[in-house]
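Q: From first to last, the protein sequence lines stand for chains W and Y. Numbered per the working numbering, the first sequence spans residues 2 to 281. Numbered per the working numbering, the second sequence spans residues 2 to 281. Positions of the beta carbon are idealized from the N, C-alpha and C atoms, including for glycine. Note that the structure is predicted; figures quoted are calculated from it, not measured. Following this message is one structure expressed as structure tokens.
Protein chains: 2
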Amino acid sequence: MEVYRTIAAIRAALQPLRTTGKKIGFVPTMGYLHEGHLSLVDIAKAHSDVVVMSIFVNPTQFGPNEDLERYPRDFARDEHLACERGTDFIFYPEVAEMYPEPFFTYVVTEKLSKVLCGVSRPTHFRGVTTVVAKLFNIIQPDVAVFGRKDAQQAIIIQQMVRDLNFPVKIILGPIVREPDGLAMSSRNVYLTPEERSQAPLIFQTLQEARQAVERGERNVATIRNLIETGIKRLPLARIDYIEIVDGENLQRVDEIHPGTFAAVAVYLGKTRLIDNQVLM
Amino acid sequence: MEVYRTIAAIRAALQPLRTTGKKIGFVPTMGYLHEGHLSLVDIAKAHSDVVVMSIFVNPTQFGPNEDLERYPRDFARDEHLACERGTDFIFYPEVAEMYPEPFFTYVVTEKLSKVLCGVSRPTHFRGVTTVVAKLFNIIQPDVAVFGRKDAQQAIIIQQMVRDLNFPVKIILGPIVREPDGLAMSSRNVYLTPEERSQAPLIFQTLQEARQAVERGERNVATIRNLIETGIKRLPLARIDYIEIVDGENLQRVDEIHPGTFAAVAVYLGKTRLIDNQVLM
């Protein structure tokens, strides 16, 4: 496995592969890797000849009062895990390499970025689409793999790729969960033991909602109440949002239909966790 | 010369050239070609093996009360002129091909897009950067050539390419003028004979400003007044802006220094003409 820290170096490393017709798979991450990230490497490997992972804690997707500074980082561990899993190249740039001054250009996917997480994190998705556009132009992958835990992000990136005609195929990987159901997240490390013990109830509640839909429930308010009641069983939880939305346009639905999913964001103490479940 | 109307078709046509190492030069236009556009084809040819021209009157760069509907179009003539000049491929898409519904994603270059033409045309440059990003992703050129008549556009595109790491080299072509000095523009066709006879005074005034700087004048207000007085000699002119700005960041300068240029936008009747001149 090779690690490059500059745009020029990773481009130079990938260029000969591209010209010899090798298919490049790409897994963008913010590091502090867990099995969710590594499962995306498996998917990338299955769809390409060479797998590039980026590890970059992207400042433009953090709001002013968010956790940019304390976001967990451990490059030595990431390097080991990525290599073990068969990653061929890591792109691990400094902030100054990605955002040299002056920097003025942003990619914005309107409408989709204003709902769900976009309400409490108004500039988050602008940061995500901007850095992903940059990374696509740097790596020029044939396929790129994103996880479904960040469902809104995945939908926004698919829309961006369609709208801006990026020559990249997007593949989504399923949510990877801890044995007790908690969706894997680098931020889970923030949780106190007490918060951690309560966290699986978010997933359990989403399962109860899905089961209710399986039993025939189609009323959005009923399903939403079921989730809200479920999460309120968590003494430490503060709900950011619970939304039942269309899987393509992220707009609220009137009735549960195929493709509808439930998305939640919940604070456990200071830690904001997100999860989602396709309902039908 | 080959003409393609769909994204899939132009991509399929260019793919074998790319894989055999041919360098692709790109000249994006809105058509109604004049010698300014064709001079960019010459430059593209000098820097590449294959020249692609796009002809697309991009709706997202026109404001609601602008001239999108009446913008001059003559594809048969454009096709002939482009072919004669040695263009290899024309990409000539429909609006629905470039902007299928739903379309949500825009590329915005902040700050630079808010000054000069950005004041009276607040969404213009967002449309330009968005369509150029799309075209870069569709054509994937090695070099792209833009004219210096649209100086602000050229500076914004260079910034966008740097900020988003497009793997494209930008080359700027000099302003091509009519024998009497009027900068060539597809919009010149709008001018009545009387307006057309007055139009060269814009260029003459910019030359007078440059000559004053050559003689040692460094005061911005003096130079600006000189241009304003000059243009006000035109009975049919209405000044949109006269600005003396830095050639890199487009901000107003306190004193004329190397790289400073004068940019003007003037209405002659209903027709808005722009021109610019490097002062030092």
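Helix, strand or coil: how does DSSP classify Y/Lys271 here?
A: coil
Q: I'd like to confirm the pairing. Which residues does DSSP put opposite Y/Leu173 in its beta bridges?
A: Y/Phe147, per the DSSP bridge assignment.
Q: According to DSSP, is Y/Gly26 part of a helix, a strand, or is it coil?
A: strand
Q: Considering W/Arg197, what are the terminal residues of the alpha helix (DSSP H) in which it resides?
A: Pro194 to Gln199
Q: Going straight from the alpha carbon of Y/Gly26 to that of Y/Asp75, what length do you get?
A: 23 Å
Q: To the nearest angstrom, how far is it from the Cα of W/Met99 to the Cα of W/Gly260?
A: 36 Å
Q: What is the rounded straight-line gap between the Cα of Y/Gln205 and the Cα of Y/Val146?
A: C-alpha separation (whole angstroms): 27 Å.
Q: Taking just the CA atoms, how far does W/Ile171 sit from W/Lys24?
A: 14 Å
Q: Taking the CB atoms as reference points, tell me whether W/Ser49 and W/Pro29 lie closer together than 7 Å.
A: Result no, Cβ atoms of W/Ser49 and W/Pro29 do not sit closer than 7 Å.
Q: Counting Cβ pairs closer than 8 Å, one from the stretch 108-124 of chain W and one from the stretch 102-118 of chain Y, do we hit at least three?
A: yes
Q: Just to check my reading of the structure: W/Gly128 and W/Gly37 have Cβ atoms closer than 8 Å, yes? What is that Cβ distance to the nearest angstrom?
A: Going by Cβ atoms, the distance from W/Gly128 to W/Gly37 rounds to 20 Å, so no, they are not a contact pair.
Q: Excluding the 5 residues flanking Y/Asp164 on each side, which residues of the same chain have their C-beta closer than 8 Å to its C-beta?
A: Thr110
Q: Quick check on Y/Gln252: does DSSP put it in helix, strand or coil?
A: coil
Q: For W/Ala263, count neighbouring C-beta atoms within 10 Å of its own C-beta (all shown protein chains included) and say buried if the count is 16 or more, exposed if not.
A: buried
Q: From Y/Val221, Y/Gly87, Y/Glu229 and Y/Gln212, pick the residue whose C-alpha is nearest to that of Y/Ile203; which is it?
A: Y/Glu229
Q: So the candidates are W/Phe137, W/Asn226, W/Met281 and W/Val190; which of them puts its Cα closest to the Cα of W/Leu274?
A: Closest by alpha carbon: W/Val190.
Q: Starting from Y/Lys112, find everything on chain W with Cβ-Cβ shorter than 7 Å and list it in chain order.
A: Phe105, listed in chain order.
Q: Tell me, please, whether the stretch 56-76 of chain W touches the stretch 119-133 of chain Y by the rule of three or more beta-carbon pairs shorter than 8 Å.
A: no
Q: Assuming W/Leu237 contacts W/Leu269 (C-beta within less than 8 Å), just tell me the rounded distance between them.
A: 5 Å
Q: Please look up how many angstroms separate the CB atoms of Y/Ile245 and Y/Val221, rounded, as I've assumed it's under 8 Å.
A: 5 Å
Q: What is the DSSP secondary structure of W/Glu36, reduced to helix, strand or coil?
A: For W/Glu36, the secondary structure class from DSSP, reduced to helix, strand or coil, is helix.
Q: Residues bridged to W/Glu244 by DSSP?
A: W/Ala264
Q: Please report the distance separating the alpha-carbon of Y/Gly64 from that of Y/Val177.
A: 26 Å
Q: Among W/Lys271, W/Ile157 and W/Val96, which one has its Cα closest to the Cα of W/Val58?
A: The shortest C-alpha separation from W/Val58 is found at W/Val96.
Q: Does Y/Phe167 have its Cβ less than 7 Å from a Cβ in chain W?
A: So, interface residue.
Q: Using DSSP's beta-bridge definition, name the partner residues of Y/Asn277.
A: Residue pairing by DSSP places Y/Asn277 opposite Y/Ala264 in a beta bridge.
Q: Can a CB atom of chain W be found closer than 7 Å to the CB of Y/Met1?
A: Given a span of 2 to 281 for chain Y in the structure shown, any question on residue 1 of chain Y remains unanswerable.
Q: Can you find a C-beta in chain W that's less than 7 Å from the C-beta of Y/Ile11?
A: no
Q: Based on the DSSP output, what are the partners of W/Asn220 in its beta bridges?
A: W/Glu256
Q: Using the Cβ count rule (16 or more neighbours within 10 Å means buried), how would you classify Y/Ser187?
A: buried
Q: Count the other CB atoms, across all protein chains shown, that sit within 10 Å of the CB of W/Glu3; report buried if there are 16 or more and exposed otherwise.
A: exposed
Q: Considering Y/Phe105, what are the terminal residues of the alpha helix (DSSP H) in which it resides?
A: No alpha helix (DSSP H) contains Y/Phe105, which DSSP labels as neither H nor E.
Q: CB-CB under 7 Å to Y/Ala14, same chain, minus the five flanking residues each way: which ones, in chain order?
A: Glu3, Tyr5 and Phe90
Q: Just the Cα atoms here: how many angstroms apart are W/Pro86 and W/Asp241?
A: According to the sequence provided, residue 86 of chain W is Arg. The question's Pro does not apply to it. About 35 Å.
Q: Starting from the beta carbon of Y/Ile8, find every residue of chain W whose beta carbon is closer than 9 Å, and list them in chain order.
A: Asn166
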